[in-house]
Amino acid sequence: MQPLGQYPNPSHTIAHVSDTHLLAGGKLQYGVVDTVQHLEIALDRLGRLDPAPQALVFTGDLADRGEPEAYRQLREMVEPFAERIGAQVVWCMGNHDDRAAYARGLYDAEATSDVLDRVHDVDGLRIVSLDTSVPGYHHGEISDAQYEWLAAVLAEPAPHGTFLAMHHPPIPVPMLPAAAIIELDDQPRLAEALAGTDVRMILGGHFHYSSYSTFAGIPVSVASATCYLSDIAPKARFISAIDAEQSVNMVHVYGDSVVTSVVPTHDSAEISGYGIDVAPLVEALSFEERREMFSRKDSDFNRHEADPIVGT
Ligand SMILES: [Fe+2]
Ligand SMILES: [Fe+2]
Numbered sequence: 461m462q463p464l465g466q467y468p469n470p471s472h473t474i475a476h477v478s479d480t481h482l483l484a485g486g487k488l489q490y491g492v493v494d495t496v497q498h499l500e501i502a503l504d505r506l507g508r509l510d511p512a513p514q515a516l517v518f519t520g521d522l523a524d525r526g527e528p529e530a531y532r533q534l535r536e537m538v539e540p541f542a543e544r545i546g547a548q549v550v551w552c553m554g555n556h557d558d559r560a561a562y563a564r565g566l567y568d569a570e571a572t573s574d575v576l577d578r579v580h581d582v583d584g585l586r587i588v589s590l591d592t593s594v595p596g597y598h599h600g601e602i603s604d605a606q607y608e609w610l611a612a613v614l615a616e617p618a619p620h621g622t623f624l625a626m627h628h629p630p631i632p633v634p635m636l637p638a639a640a641i642i643e644l645d646d647q648p649r650l651a652e653a654l655a656g657t658d659v660r661m662i663l664g665g666h667f668h669y670s671s672y673s674t675f676a677g678i679p680v681s682v683a684s685a686t687c688y689l690s691d692i693a694p695k696a697r698f699i700s701a702i703d704a705e706q707s708v709n710m711v712h713v714y715g716d717s718v719v720t721s722v723v724p725t726h727d728s729a730e731i732s733g734y735g736i737d738v739a740p741l742v743e744a745l746s747f748e749e750r751r752e753m754f755s756r757k758d759s760d761f762n763r764h765e766a767d768p769i770v771g772t
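Position in the sequence shown counted from 1, then plus 460, gives you the working numbering.
What follows is the structure, given as structure tokens:
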């Protein structure tokens, strides 16, 4: 659709999905959550977007128990979808993932215990997938060797700058104190490593709720999970997981700004709306006609705002 406001269309459109926690063989997470079905619903929702995302970034905890079969299923679900919409897929390791099964299952690589960092070029936007996992633990770390590697990658700026995708977000977790126990270690060192680089956005997961911050002046966006949500205002509970309100994030990149938006992935009843057939009619109006129709409070359009659904 042509822009209807002051800004041109974004240069890049990225979908940010996190914490799919797939389980093999139809197992349900906590005996309740159908993680495969929840991912299907999320992909279906992403498939409705126009323009389609140019990249699907998965920020870790892809497989709940690191099962090879879960990675196979994840790939079978995501790769054909990505191909259909013309998107690249960016995987990140999470604390629930298993390096050997992840490497074999997602990259057809030799099973390895080495860190699984990758660099992707999405039409001039560099996306660095950083493996913050620690085998056998849930907290996050970045090794000396990874810092050296990252410095070499970032030494040369990318045409549209760099996004850092990592499971453990380098921000405080005030709404889920338990998660602070398993946060990324030594965050000041990462701040130093990013100073003066072209990193313009950090995408993370791990918390199972949406959160936003800045880190060393860089915007940070944490996507919630597609599997279950951390209830961050529970009643008399230290931690509480709920099978509700799952979401993914959309990230739109503009010349000098980045916009993130939470997309709920489960359908709810529509209470008002207009059909897509209205879009070309709106586009065809002049700036003045649009202002009169949509901004003027007593226009025909606004006088009918309480009407039931119009269009198809
Ligand atoms: Fe998770
Ligand atoms: Fe996690």
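In this text, a Cβ means the ideal position worked out from N, Cα and C, and glycines have one as well.
Quick check on the contact list: which residues have their beta carbon closer than 5 Å to a heavy atom of ligand 2?
The answer, residue by residue, is D521, G554, N555, H666.
Which parts of the region 636 to 691 are runs of the alpha helix (DSSP H), unbroken and 4 residues or longer, counting only runs that do not cross its ends?
Runs of the alpha helix (DSSP H) inside the region 636 to 691: 637 to 640, 647 to 654.
Between the region 526 to 537 and the region 563 to 581, are three or more C-beta pairs nearer than 8 Å?
yes
Quick check on DSSP: helix, strand or coil for F444?
Since the displayed the chain opens at 461 and closes at 772, residue 444 lies outside it and no answer follows.
Looking at the secondary structure, which residues open and close the alpha helix (DSSP H) in which L503 lies?
Locating residue 503 in the sequence shown gives position 43, where the first residue counts as 1. Here the alpha helix (DSSP H) through L503 covers 495 to 506.
Nearest residue (CA-CA) to G554, options G656, A685, A569
Taking the first residue of the sequence shown as position 1, residue 554 is located at position 94. Selected option, being the one with the closest Cα: A685.
Measuring only the C-alpha atoms, how far is R660 from P630?
Start at 1 with the first residue of the sequence shown, and residue 660 comes out as number 200. Start at 1 with the first residue of the sequence shown, and residue 630 comes out as number 170. Those two C-alpha atoms are separated by around 14 Å.
Using only alpha-carbon positions, find the residue among P694, E543, T725, I602 that is nearest to C687.
Residue numbering aside, residue 687 sits at position 227 when the sequence shown is read from its first letter. When each option's Cα is compared against that of C687, the closest is T725.
Determine the DSSP secondary structure at M553, reduced to helix, strand or coil.
The residue given as residue 553 occupies position 93 in the sequence shown. Coil at M553, not helix or strand.
So what does DSSP say about F698, is it helix, strand or coil?
Against the sequence shown, residue 698 aligns to sequence position 238. Coil at F698, not helix or strand.
Under a three-way DSSP split, which group does P632 fall into?
Position 172 of the sequence shown, counting from 1, holds the residue named residue 632. In the structure shown, P632 sits in coil (DSSP, three-state: anything other than H, G, I, E or B).
Roughly how many angstroms separate the alpha carbons of T772 and G665, rounded to a whole number?
Position 312 of the sequence shown holds residue 772. Position 205 of the sequence shown holds residue 665. Confidence at T772 is low in this model, with a pLDDT of 49, below 50, so the placement of that residue should be treated as unreliable; the coordinate-derived value is given next. Cα-Cα distance, rounded: 37 Å.
Using the C-alpha atoms, what's the distance from F623 back to F747?
Counted from its first residue, the sequence shown places residue 747 at position 287. Counted from its first residue, the sequence shown places residue 623 at position 163. C-alpha separation (whole angstroms): 35 Å.
Would you list the one or two residues that DSSP bridges to A523?
For the purposes of this step, residue 523 is identified with residue 63 of the sequence shown, where counting begins at 1. DSSP lists L482 as partners of A523.
Through-space distance from K757 to P637, alpha-carbon basis
Locating residue 637 in the sequence shown gives position 177, where the first residue counts as 1. Locating residue 757 in the sequence shown gives position 297, where the first residue counts as 1. If you take the alpha carbons of P637 and K757, they lie about 46 Å apart.
Given this structure, state the Cα-to-Cα distance separating A515 from Q548, to the nearest angstrom.
What you label residue 515 is simply residue 55 of the sequence shown in a count that begins at 1. What you label residue 548 is simply residue 88 of the sequence shown in a count that begins at 1. In a straight line, the C-alpha of A515 is about 5 Å away from that of Q548.
Assuming contact is defined by CB atoms lying nearer than 8 Å, are D574 and G526 in contact in what I supplied?
For the purposes of this step, residue 574 is taken as the residue at position 114 of the sequence shown. For the purposes of this step, residue 526 is taken as the residue at position 66 of the sequence shown. No, they are not a contact pair.
Any heavy atom of ligand 1 within a distance shorter than 7 Å of the CB on D479?
The residue you call residue 479 lines up with position 19 of the sequence shown. D479: yes, Cβ under 7 Å from ligand 1.
Paired residues, beta bridge with A515 - DSSP:
Sequence index remark: in the sequence shown, residue 515 carries index 55 (1-based). Paired residue(s): I474, Q548.
Does DSSP put D758 in a helix, a strand or coil?
Walking along the sequence shown from the start, residue 758 turns up at place 298. DSSP places D758 in coil when its eight states are reduced to three.
Specify whether the region 471 to 489 and the region 709 to 726 touch according to this definition: at least 3 beta carbon pairs, one from each stretch, less than 8 Å apart.
yes
Any beta carbon of chain B sitting closer than 8 Å to that of D568?
Here there is only one protein chain, and chain B is not present.
A701 beta carbon near ligand 1 (any heavy atom closer than 7 Å):
Within the sequence shown, numbered from 1, the residue matching residue 701 stands at position 241. Flag unset: Cβ of A701 not near ligand 1.
Go ahead and label E643 buried or exposed: buried means 16 or more other beta carbons lie within 10 angstroms of its beta carbon, across all protein chains shown.
Here residue 643 refers to the residue found at position 183 when the sequence shown is read from its first residue. When all chains shown are included, E643 counts as buried.
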